[in-house]
Amino acid sequence: MYKKKIRIILFILLILTINHDNQKREFYQNITPIKNPNSNLVLVNKFHYLPSNYIPYDLEKIDVKYANDHKYVRKEVKNAFEQLSHEAKQDGYQIIAVSTFRSYRYQKNLYQYYVKEKGKKYADNCSARPGHSEHQTGLSIDVMGENMDYDRFEDSNAFTWMKRHAHEYGFILRYPSGKEHITGFKYEPWHYRYVGKEAATTIYEKQLTLEEYLHKK
Ligand SMILES: [Zn+2]
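Numbering (the numbering used here), first residue to last: 17 to 233.
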C-alpha cells in the first residue's frame, strides 16, 4: 500500500516535470543581463540582453574588398570572415558584409523606426529590441551575394556556398527555418554568427541552434 502511494506520487511528479518543460516561454519575459559579453559563445536573444554601454573592446574594420562600406567586427571575426570571403572568391562566389557591429543606440533607433512605421508586433518579428541584438556583440554579419541584395541572399549562388562552408570558418546560420520558436527570430538566410570552428562544426553537423548547443553543453 505504502509503495503504491509512492509510485503514484512519483508518477504525478513526472507528469508535472514534463508539463513544465513543455511550457512555452514568452519572448521578452523574465529577461536576464548577460555576464559574458566578450565570449565567442555569448548568447544574446529575447531572454538575454547586453548592457546599453557594451561595446566590444577589439573592433576592427573589415577589408573593404569584402564589405560594402566601413564595417566593424571583433578582431577574430574579421580575420575569419576575410578568409571565408577570400576563399569563396577563389571558388567563384562573392560574399560581402552588409551589416556588422551595431551599437545599442543604433539598434534602439532601428527598432523604434519599425514600431513607428509598422507597429510593435511587426517590429518584434523582424528586429531586435535594443540590448537584445546579436549585432551589438561584434560577432554577427549580414551578408549579400552576387545579386547584391541581402534580402534575396537565399536566391544567390553564394548562399549555396555558405551553407556548405560557413562552419569551416567558425560561422553558423543563426536563425534557421523551422527553429523560430527557439531563436525567437524568423528565418534569416543572410545572418551569420561567429562562434569559433569547434562550436560551428558541431552546430552544423547536428543541425542545432546556438540555444540548443549551449543548453546541451
Ligand atoms: Zn543580422
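Glycine included, each C-beta is placed from N, C-alpha and C at the ideal position.
Values in this document were obtained by computation on a predicted structure and should not be read as measured data.
C-alpha gap between residue i and residue j, whole angstroms
i	j	result
T176	E162	12 angstroms
I188	Q99	15 angstroms
I50	G194	26 angstroms
N56	Q123	21 angstroms
K134	A96	36 angstroms
E170	W206	7 angstroms
R121	S68	8 angstroms
Y203	Y191	5 angstroms
A139	Y44	13 angstroms
K233	T217	14 angstroms
F201	S143	8 angstroms
I157	V89	8 angstroms
E227	Y208	15 angstroms
DSSP beta-bridge partners of residue i
i	result
E204	Answer is none; E204 lacks a bridge partner.
A96	DSSP lists no partner for A96.
H64	T48
L75	R90
Whose CB is closer than 5 angstroms to a heavy atom of ligand 1? List the residues in chain order. D158, H207
Check: What runs of the beta strand (DSSP E), each 3 residues or longer, lie entirely inside the stretch 102-153?
Finding: Taking only runs of at least 3 residues, the beta strand (DSSP E) segments lying wholly in the stretch 102-153 are 112-115.
Does the stretch 148-163 come into contact with the stretch 57-64, if we say contact requires no fewer than three beta-carbon pairs (one atom in each stretch) closer than 8 angstroms? yes
- Query: What are the complete beta strand (DSSP E) segments, minimum 3 residues, inside the stretch 158-229?
  - Reply: Entirely contained in the stretch 158-229, the beta strand (DSSP E) runs reaching 3 residues are, in chain order, 187-189, 207-210.
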